[in-house]
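Q: Chains E and A are the protein sequences, given in the same order.
Under our numbering, the first residue of the first sequence carries the number 69, and numbering increases by one thereafter.
Under our numbering, the first residue of the second sequence carries the number 34, and numbering increases by one thereafter.
We put the beta carbon where it would ideally sit given N, CA and C, even for glycine.
One structure coming up, written as structure tokens, with questions to follow.
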Amino acid sequence: MSESKKVTFPVEASHIMMFARAIGDTNPAYHDAEAAKMTTAGGIVAPPTFAQAVAQFAPEHPTRPKPGEKWFGSGATPSGIDGDPPASGGLHAEQHFEYRRPLRPGDVLTATYRDGESWEKQSRRAGRLEFTERFVDYHDPDGELVCRARSVTVTTERPVDQG
Amino acid sequence: MTTREFKIGDVHEEVLVEDLTRTQLVMYSGASGDYNPIHTDELYTREAAGYPGVFAHGMLTMGMTGRAITNLVGAENVRRFGVRFTSQVWPGDTLTAATRVDAVREEGGERLVDFSVTTTNQNGETVLTGTATAIAAG
């Protein structure tokens, strides 16, 4: 998968609001600036998993359709491409975050991508499993680390309908 | 501001979603930027990808599970949150998270709480297991 090594991630209140709605979280700390002042957060903050929404700002993000390019989802036919989807990224096996502080509207973070280990396992149900580890570090403009994310994705030889 | 006392072994259950809808998967795709059609496009998912139907983003399950933690500690106090996705989540699922206080400790002048969390579906299957560490407010 090709992705820019560094991505600028502007954290915006409306994006946090939409993200909180999507995870079904009505906490006022995520959408109501006045009410958020009265919470322990002291103002709007992002939910802990919001850092993953940096995908919106990655120019080459593989699971976002781009104008003028064929997309692997359905249109006239079940898939717009022949063969395997390019860099669909496999299934998400693990996700870990460490935070120095919450993300807040107005933050302009630099996300730096780094590959970790990769390994293989054999599974009776899904065939050969290929695991890929990836890190994303989020720094503020002063170079302070705000958040570190570690993900593990797995590509299976055969589709599995669970676990 | 409230100060909550955390005791080792305390268990808290929270229903995260009842009858998960495909529309919520669309909402999560739009908010997160992960438009992989296996989460929103039944035709692609069944006929091209070979799955029985669309299923939830792991990160949606993690995001919903995060609520069970942030509702206990405050959204700004989470310092670590990590999960494994153990089973897929499908439209129609009802998910419940159970958090347990594993430790209360001091570190660097801060009072920290360690949690373990397990999210299960309506059939009792575990879909996510994880751990989190947060600053105990107060």
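(1) Using a beta-carbon distance cut-off of less than 8 Å, what residues from the region 81-103 of chain A approach chain E?
(2) Going by alpha carbons, who is nearest to valine 116 of chain A out of A:Trp123, A:Ala130, A:Gly125?
(3) Following the continuous alpha helix (DSSP H) through threonine 200 of chain E, name the residue where it begins and the one where it ends.
(4) Please tell me whether alanine 97 of chain E has its Cβ less than 7 Å away from any Cβ of chain A.
(5) Compute the distance between the beta-carbons of leucine 58 of chain A and aspartate 126 of chain A, then report whether it is under 7 Å.
(6) Please classify methionine 34 of chain A: is it buried, with 16 or more other beta-carbons within 10 angstroms of its beta-carbon, or exposed?
(7) Against chain A, with Cβ distances strictly below 7 Å, would arginine 132 of chain E count as a contact?
(8) Let me confirm a value: serine 70 of chain E is counted as buried when at least 16 other C-beta atoms fall within 10 Å, else exposed. Which label applies?
(9) Taking the alpha-carbon positions, what's the valine 48 of chain A to aspartate 93 of chain E distance?
(10) Who are the Cβ neighbours of tyrosine 61 of chain A in its own chain at under 7 Å, not counting the five residues just before and after it?
(11) In or out: alanine 109 of chain A buried (at least 16 other Cβ within 10 Å) or exposed?
(12) Name the DSSP beta bridge partners of phenylalanine 165 of chain E, please?
(13) Once DSSP output is grouped into helix, strand and coil, what is the label at threonine 35 of chain A?
(14) If you follow the beta strand (DSSP E) that lysine 189 of chain E is in, where does it begin and where does it stop?
(15) How many Å lie between leucine 213 of chain E and valine 134 of chain A at the Cα?
(16) At the level of alpha carbons, what is the spacing between aspartate 175 of chain E and arginine 169 of chain E?
(17) Would you say glutamine 121 of chain A touches the ligand HEM, meaning its beta carbon is less than 6 Å from a heavy atom?
(18) Do you know how far the Cα of glycine 195 of chain E is from the Cα of glutamine 230 of chain E?
(19) State the DSSP-derived secondary structure class of glutamate 102 of chain E, mapped to helix, strand or coil.
(20) Could you compute how far the alpha carbon of proline 78 of chain E sits from the alpha carbon of histidine 129 of chain E?
(21) Determine, for valine 116 of chain A, whether the minimum Cβ-Cβ distance to residues of chain E falls below 7 Å.
(22) With DSSP collapsed to three states, give me the class of glycine 231 of chain E.
(23) Can you confirm whether the region 81-88 of chain E touches the region 109-123 of chain E when touching is taken to mean that 3 or more C-beta pairs between the two stretches lie within less than 8 Å?
(24) Of all the residues that make up the region 197-209 of chain E, which are near chain A by a beta-carbon distance shorter than 9 Å?
A: The answer reads as follows:
(1) Ala81, Ala82, Gly83, Tyr84, Pro85, His90, Gly91, Met92, Leu93, Met95, Gly96, Met97, Gly99, Arg100, Ile102, Thr103
(2) For the purposes of this step, residue 116 of chain A is taken as residue 83 along the second sequence, with counting starting at 1. For valine 116 of chain A, the nearest C-alpha among the options comes from A:Ala130.
(3) If you number the first sequence from 1, residue 200 of chain E lands on position 132. No alpha helix (DSSP H) contains threonine 200 of chain E, which is instead part of the beta strand (DSSP E) from 195-207.
(4) Within the first sequence, residue 97 of chain E is the residue found at index 29, counting from 1. Taking Cβ atoms only, chain A reaches closer than 7 Å to alanine 97 of chain E, which makes this a yes.
(5) The count along the second sequence starts at 1 and reaches residue 58 of chain A at position 25. The count along the second sequence starts at 1 and reaches residue 126 of chain A at position 93. Result no, Cβ atoms of leucine 58 of chain A and aspartate 126 of chain A do not sit closer than 7 Å.
(6) The residue labelled residue 34 of chain A in the question sits at position 1 within the second sequence. Any reading at methionine 34 of chain A needs caution, since the residue's pLDDT is 39, under 50, leaving its predicted position unreliable; the model's value is listed next. That one is exposed.
(7) As a first step, residue 132 of chain E is located in the first sequence; it is residue number 64 there, counting from the start. So, interface residue.
(8) Counting from one through the first sequence, the residue named residue 70 of chain E turns up at place 2. The pLDDT assigned to serine 70 of chain E is 43, lower than 50, so where the model puts this residue is not dependable, and the model offers no usable value.
(9) Taking the second sequence and counting its residues from 1, one reaches residue 48 of chain A at position 15. Taking the first sequence and counting its residues from 1, one reaches residue 93 of chain E at position 25. If I take the Cα positions, the gap works out to 12 Å.
(10) Looking up residue 61 of chain A in the second sequence gives position 28. Once the five neighbours on either side are set aside, the close Cβ partners of tyrosine 61 of chain A are His90, Leu93.
(11) Taking the second sequence and counting its residues from 1, one reaches residue 109 of chain A at position 76. Here residue 109 of chain A turns out to be glutamate, not alanine, going by the sequence shown. Buried.
(12) Taking the first residue of the first sequence as position 1, residue 165 of chain E is located at position 97. In DSSP, phenylalanine 165 of chain E forms a bridge with E:Ala217, A:Phe114.
(13) Along the second sequence, one-based indexing puts residue 35 of chain A at 2. The predicted position of threonine 35 of chain A is uncertain, since its pLDDT is 46 and thus under 50; a value taken from the coordinates is nonetheless stated next. Three-state result, threonine 35 of chain A: coil.
(14) Counted from its first residue, the first sequence places residue 189 of chain E at position 121. Start and end: 176-191.
(15) For the purposes of this step, residue 213 of chain E is identified with residue 145 of the first sequence, where counting begins at 1. For the purposes of this step, residue 134 of chain A is identified with residue 101 of the second sequence, where counting begins at 1. Looking at the two C-alpha atoms, the distance is approximately 28 Å.
(16) Sequence index remark: in the first sequence, residue 175 of chain E carries index 107 (1-based). Sequence index remark: in the first sequence, residue 169 of chain E carries index 101 (1-based). Their backbone Cα atoms lie some 11 Å apart in a straight line.
(17) Looking at this structure, you won't find the ligand HEM or any other ligand, since it has none at all.
(18) Along the first sequence, read from residue 1 onward, the residue named residue 230 of chain E stands at position 162. Along the first sequence, read from residue 1 onward, the residue named residue 195 of chain E stands at position 127. Caution is warranted here: a pLDDT of 46 is assigned to glutamine 230 of chain E, below 50, making its placement in the model unreliable, and the coordinate value is therefore given only provisionally. In a straight line, the C-alpha of glutamine 230 of chain E is about 14 Å away from that of glycine 195 of chain E.
(19) The residue labelled residue 102 of chain E in the question sits at position 34 within the first sequence. Three-state DSSP puts glutamate 102 of chain E in a helix.
(20) For the purposes of this step, residue 78 of chain E is identified with residue 10 of the first sequence, where counting begins at 1. For the purposes of this step, residue 129 of chain E is identified with residue 61 of the first sequence, where counting begins at 1. If you take the alpha carbons of proline 78 of chain E and histidine 129 of chain E, they lie about 16 Å apart.
(21) The residue labelled residue 116 of chain A in the question sits at position 83 within the second sequence. Chain E, which has a Cβ nearer than 7 Å to the Cβ of valine 116 of chain A, makes this yes.
(22) Looking up residue 231 of chain E in the first sequence gives position 163. For glycine 231 of chain E, the pLDDT reaches just 40, beneath the cut-off of 50, and the residue's location in the model is therefore unreliable, leaving the point undetermined.
(23) yes
(24) none
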